[in-house]
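Structure record follows, encoded as C-alpha cells.
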Amino acid sequence: AKCIAVPKYSRADLIKSTEHMRELLQEPEAARNLPRIMTECGIRFVLVEPLPKAKIDGVAFWLDKYSPVIGMSFRFDRLDNFWFVLRHEIEHILNEDGLKQETAMIDTDIEACSGSHCGDIPEEELKANNAAAEFCIPSNKLESFIRRKHPFYYEKDILAFSKINGVHPALVVGQIQNRTKRYDYLRNYLVKVRQFVAPNSMADGWGQTVPITS
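In C-alpha cells:
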C-alpha cells in the first residue's frame with residue numbers, strides 16, 4: 232500500500248463515489264473501474280492472494296490518519312462476494328474504524344455472518360454488514376420480494392427483479408442464498424470478477440509479485 236501514490240483522502244468524495252458505484256452493478260466488466268475510483272478518493276486499494284486455509288476476505292486500515300487502505304483477497308471469486316466485501320470495507324473507512332485504535336479491521340469469513348440476523352457481533356461489523364447488504368440490494372425491496380415469492384424463487388422472477396433494481400442477478404442470488412442457506416440455488420449466475428479488477432490494481436499473487444522493500 233505504501234508504494235501507491237494517491238491524492239489526499241476525501242471522505243466526501245468517497246461517499247459520493249460509493250453512491251455512483253451502484254451504476255457498476257449491472258455488468259461484471261464494469262468492476263474494472265473500481266481501482267481508479269478508489270485512487271481518486273485517496274484510498275490505497277490492494278489485492279493479495281489468500282493464503283491456504285486462511286479465511287481473510289478483506290481488511291481496512293490506516294497507514295496514518297490521512298491514508299486509508301482497503302485490501303481484498305478474492306477468497307471467493309464471485310461478483311456478489313466482491314461487491315459485498317468491498318462495500319463492507321468502505322464502511323469501515325467511512326466510520327474511521329480502527330483509526331484511533333491504530334489497528335486493522337481484519338474481516339474473516341464474511342459470508343458466514345452477514346446481515347443483522349447474525350447474533351452477537353461487534354457494532355462496527357454489524358454496521359458494515361448492513362451497509363454492504365443495503366448497497367447490493369435495498370433491504371426493503373429484497374424483503375418484499377422474498378415475502379411475495381417464498382418458498383419458490385423462480386429464475387424468471389430473479390431476472391426481472393434484478394433488472395428493475397439495476398443490478399446483475401448475482402447480487403440477488405447471493406443475498407437469497409445467504410437468507411435461505413440454499414447455496415446451490417442458481418449458482419450459474421455467480422460469475423467471476425477478479426479478471427476485470429486485478430489488472431488495474433496493485434496485486435500480489437496469482438502469478439504476480441509486488442516487490443517489498445524495507
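Going by my numbering, the sequence shown opens with residue 232, and the numbers climb by one from there.
From the three backbone atoms N, C-alpha and C, an ideal C-beta is built for every residue, glycine too.
In this text the structure is predicted, and so the values were computed from the model without any measurement.
Can you name the residues that DSSP bridges to residue i?
i	result
F292	V300
V277	G302 and M433
T339	I287
Q439	G436
Locate the beta strand (DSSP E) running through residue i, then write down its first and last residues.
i	result
L255	Here L255 belongs to no beta strand (DSSP E), and DSSP marks it neither H nor E.
Residue i and residue j: beta carbons closer than 9 angstroms?
i	j	result
D288	V404	no
A262	E322	no
S370	N360	no
I235	V277	yes
P259	V424	yes
V237	I274	yes
F366	M252	yes
R318	K286	no
Y414	I389	no
L245	W314	no
K296	L325	no
M336	E355	yes
E342	W293	no
E257	H381	The residue asked about is misnamed: residue 257 is Gln in this sequence, not Glu. No, they are not a contact pair.
I301	E320	yes
I352	I377	no
S409	K372	As written in the sequence, residue 409 is Asn, which differs from the Ser given in the question. Their beta carbons are not under 9 angstroms apart, which means N409 does not touch K372 by this criterion.
M433	A232	yes
Could you spell out the range, first to last residue, of the alpha helix (DSSP H) harbouring residue i?
i	result
T270	L265 to E271
F313	L310 to L325
K412	Segment: none, K412 is in no alpha helix (DSSP H) and carries neither H nor E.
C367	E354 to C367
Q426	R425 to V428
For chain C, is any of its Cβ atoms less than 9 angstroms away from the one on residue i?
i	result
R306	The chain inventory of the structure shown lacks chain C, comprising one protein chain alone.
What distance in whole Å lies between the Cβ atoms of residue j and residue i, which are believed to be in contact at a cut-off of 8 angstroms?
i	j	result
S304	P281	4 angstroms
P266	V428	7 angstroms
V279	G436	6 angstroms
E386	L357	No, E386 and L357 are not in contact; Cβ-Cβ is about 32 angstroms, not under 8 angstroms.
**Item:** In chain order, each beta strand (DSSP E) run of at least 3 residues that lies wholly inside the segment 375-405
**Value:** If we require 3 residues or more, the segment 375-405 turns out to have no beta strand (DSSP E) run fully inside it.
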